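A short write-up of the structure that comes next.
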Ligand SMILES: Nc1ncnc2c1ncn2[C@@H]1O[C@H](COP(=O)(O)OP(=O)(O)OP(=O)(O)O)[C@@H](O)[C@H]1O
Ligand SMILES: [Mg+2]
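Numbering (the numbering used here), first residue to last: 3 to 468.
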């Protein structure tokens with residue numbers, strides 16, 4: 003062996019790859035240290051056939067016999083201990099005098115395979131989780147969003163990649179807030195908090211957000227992973243709870259006041275009557291009459307307050323919502339104020355009944371209808387009423403084309419004494435009493451409105467159980 007050949011041998015032995023030289027009869031005629039150590043041990047003359055995993059043998063021999071420029075393929079070999087190993091094989095034909103030999107270079111890719119599989123597992127988890135997830139680069143530009151994120155935000159992947167997550171910010175959190183977040187994550191720490199975002203269609207969605215920096219091998223920040231958990235529903239339920247608790251406490255307070263005021267008022271009222279009967283002075287009787295009418299007004303308000311909080315003494319029956327609405331309409335459709343208003347009614351067929359007190363429901367619809375008439379402010383317009391039902395609920399909507407309600411007021415219209423009407427025109431008890439009645443029968447009353455766009459009241463009740 004020449005010294006040059008010796009040099010080559012040393013170089014080949016130092017390589018991490020397994021290198022084999024094979025003749026046309028598949029015999030291994032030379033191999034480096036890696037190959038002999040891992041595959042053959044001392045058995046130098048073995049056929050190459052035996053090194054491939056049984057199910058790969060035929061294919062590999064066929065491929066090695068084919069003519070090729072260079073073969074590059076993933077396959078499996080069995081090492082001397084009988085363990086199957088994933089390898090990447092590069093092969094080349096070389097001419098050596100009159101013989102054609104094949105050089106086979108096999109690189110162990112077990113570790114690489116394992117990493118790929120890990121990566122595949124992680125990326126699948128991220129891709130298919132129900133939590134909206136976004137990945138940004140170190141500058142904060144989005145490089146990945148999962149399908150849940152597209153669903154939740156209403157934006158498509160293509161609209162988001164390359165953008166700053168600011169695109170779905172709600173503007174509810176100020177600069178200082180986001181600066182704090184950035185400082186936190188740039189220092190390599192995980193940030194957790196609640197954020198309000200905005201979907202493409204403009205609606206809000208609340209999420210709990212976890213932002214964790216993605217650290218590369220050198221310890222630098224390669225990007226950020228943001229995982230959201232949708233808490234919109236939870237937020238809504240919380241708000242609803244707060245609202246209904248507030249209504250309840252206001253109700254208790256009002257009932258207490260009504261009770262305390264009611265008794266002295268009755269006393270005053272009977273004293274006035276006594277005076278009226280005994281006095282013959284014109285002036286005095288006139289003033290007493292005025293007092294009496296004011297007392298009646300207070301008494302009416304008090305009665306409404308008490309009605310709200312006291313369980314109804316009327317009889318609960320199976321009631322048809324269509325009947326109720328017909329009756330309410332027949333009452334309010336008289337009078338000059340409604341002459342320019344176009345009423346349209348759509349009664350659902352086969353409307354299931356609800357358990358309620360008919361008179362009280364009529365009162366609810368009279369309140370809502372009078373409000374609708376008032377909202378038209380004497381101008382022409384329309385009021386549309388519709389009844390409908392689902393599997394478990396019966397409902398009615400009352401839609402007017404009136405002045406509408408500002409967002410800030412929507413919260414308050416069901417509160418007692420909240421009115422935008424002139425003194426003497428409204429006490430602000432109508433909707434409050436209606437709310438109490440509807441809730442009392444297990445129902446719900448909601449409003450949708452915007453200034454200048456009219457209002458729609460939805461009133462629903464559970465259907466009578468059979
Ligand atoms: N359909 C509607 N369109 C516009 N605003 C409405 C409508 N319904 C109610 N509102 C607003 O809600 C307020 C409260 O209504 P509510 O029926 O409780 O009291 P009110 O009508 O003012 O007085 P009351 O019914 O006691 O005579 C109204 O003053 C009005 O500002
Ligand atoms: Mg009213």
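We put the CB at the ideal spot given by N, CA and C, even for glycine.
Fair warning: this is a prediction, and the values are worked out from it, not measured in the lab.
Where residue i sits in the DSSP three-state scheme
i           : result
residue 2   : Limits of the chain in this structure are 3 at one end and 468 at the other, which puts residue 2 out of reach.
residue 146 : strand
residue 413 : coil
residue 97  : strand
residue 54  : strand
residue 433 : helix
residue 373 : helix
residue 224 : strand
residue 49  : strand
residue 401 : strand
residue 261 : helix
residue 364 : helix
residue 80  : strand
residue 31  : strand
residue 37  : helix
residue 384 : strand
residue 151 : helix
residue 269 : helix
residue 251 : helix
residue 274 : helix
residue 171 : strand
residue 1   : Since the first and last residues shown for the chain are 3 and 468, residue 1 lies out of range.
Selected residue, minimal CA-CA separation from residue i, among the options
i           : options            : result
residue 155 : 244, 164, 134      : 134
residue 11  : 357, 35, 355       : 35
residue 56  : 7, 87, 38          : 87
residue 344 : 401, 121, 251      : 401
residue 318 : 355, 327, 296, 299 : 355
residue 289 : 392, 277, 180      : 277
residue 437 : 125, 368, 161      : 368
residue 462 : 421, 364, 396      : 396
residue 301 : 282, 272, 328      : 272
residue 15  : 83, 27, 33, 29     : 33
residue 20  : 80, 63, 327        : 80
residue 70  : 370, 92, 52        : 92
residue 27  : 18, 41, 64         : 64
residue 125 : 149, 113, 38       : 149
residue 340 : 330, 380, 458, 455 : 380
residue 250 : 320, 417, 23       : 417
residue 85  : 61, 53, 73, 431    : 53
Residue i: first and last residue of the uninterrupted alpha helix (DSSP H) it sits in
i           : result
residue 116 : 112-130
residue 330 : 323-334
residue 394 : That residue, residue 394, is in no alpha helix (DSSP H); it is neither H nor E in DSSP.
residue 59  : 59-67
residue 179 : 177-188
residue 159 : 159-162
Residue i Cβ short of 6 angstroms to ligand 3 heavy atom set
i           : result
residue 368 : With respect to ligand 3, the structure offers nothing, as its ligand set consists of ligand 1 and ligand 2.
Inter-residue CB distance, residue i and residue j (contact presumed, cutoff 8 angstroms)
i           : j           : result
residue 384 : residue 403 : 5 angstroms
residue 407 : residue 451 : 4 angstroms
residue 106 : residue 163 : Rounded, the Cβ-Cβ distance is 43 angstroms, inconsistent with contact.
residue 109 : residue 96  : The Cβ separation is near 19 angstroms, so there is no contact.
residue 366 : residue 440 : 6 angstroms
residue 293 : residue 263 : The Cβ separation is near 16 angstroms, so there is no contact.
residue 349 : residue 389 : 5 angstroms
residue 329 : residue 364 : 5 angstroms
residue 152 : residue 159 : 6 angstroms
residue 470 : residue 31  : Residue 470 cannot be examined here, being either before or after the span of the chain that is shown, 3 to 468.
residue 316 : residue 353 : Their Cβ separation, rounded to whole angstroms, is 21 angstroms, which puts residue 316 and residue 353 out of contact at 8 angstroms.
residue 304 : residue 267 : 7 angstroms
residue 212 : residue 194 : 5 angstroms
residue 405 : residue 424 : So it is not a contact: roughly 14 angstroms between Cβ atoms.
Boundaries of the beta strand (DSSP E) in which residue i is found, first to last residue
i           : result
residue 198 : 193-200
residue 23  : 20-24
residue 139 : 135-139
residue 407 : From DSSP, residue 407 is part of no beta strand (DSSP E); its letter is neither H nor E.
residue 209 : 206-217
residue 453 : Premise fails: residue 453 is in no beta strand (DSSP E) and is neither H nor E.
residue 356 : 356-358
residue 345 : 343-348
- Message: Closer than 8 angstroms is the cut-off here; do at least three beta carbon pairs connect the region 224-237 with the region 126-140?
- Response: The region 224-237 is in contact with the region 126-140.
- Message: For the region 324-335 against the region 442-453, do three or more pairs of beta-carbon atoms, one drawn from each stretch, fall closer than 8 angstroms, so that the two count as touching?
- Response: At 8 angstroms Cβ cutoff, the stretches do not touch.
- Message: Between the region 183-192 and the region 92-104, can you find at least three pairs of beta-carbon atoms closer than 8 angstroms?
- Response: Result no; under three Cβ-Cβ pairs closer than 8 angstroms.
- Are at least three pairs of beta-carbons, each pair with one atom in the region 211-222 and one in the region 244-252, less than 8 angstroms apart? With a cut-off of 8 angstroms, the region 244-252 and the region 211-222 do not count as touching, because too few Cβ pairs lie within range.
- Say whether the region 115-123 touches the region 197-217, bearing in mind that this needs 3 or more beta-carbon pairs closer than 8 angstroms, one atom from each stretch. No contact exists between the region 115-123 and the region 197-217.
- Query: Hey, is the region 155-175 in contact with the region 194-202, meaning 3+ C-beta pairs nearer than 8 angstroms?
  - Reply: Judged by Cβ distances under 8 angstroms, the region 155-175 makes contact with the region 194-202, as three or more pairs qualify.
- Task: Taking 8 angstroms as the threshold, find out whether the region 418-436 comes into contact with the region 365-381 through three or more Cβ pairs.
- Result: The region 418-436, when compared against the region 365-381, does touch it at the 8 angstroms Cβ threshold.
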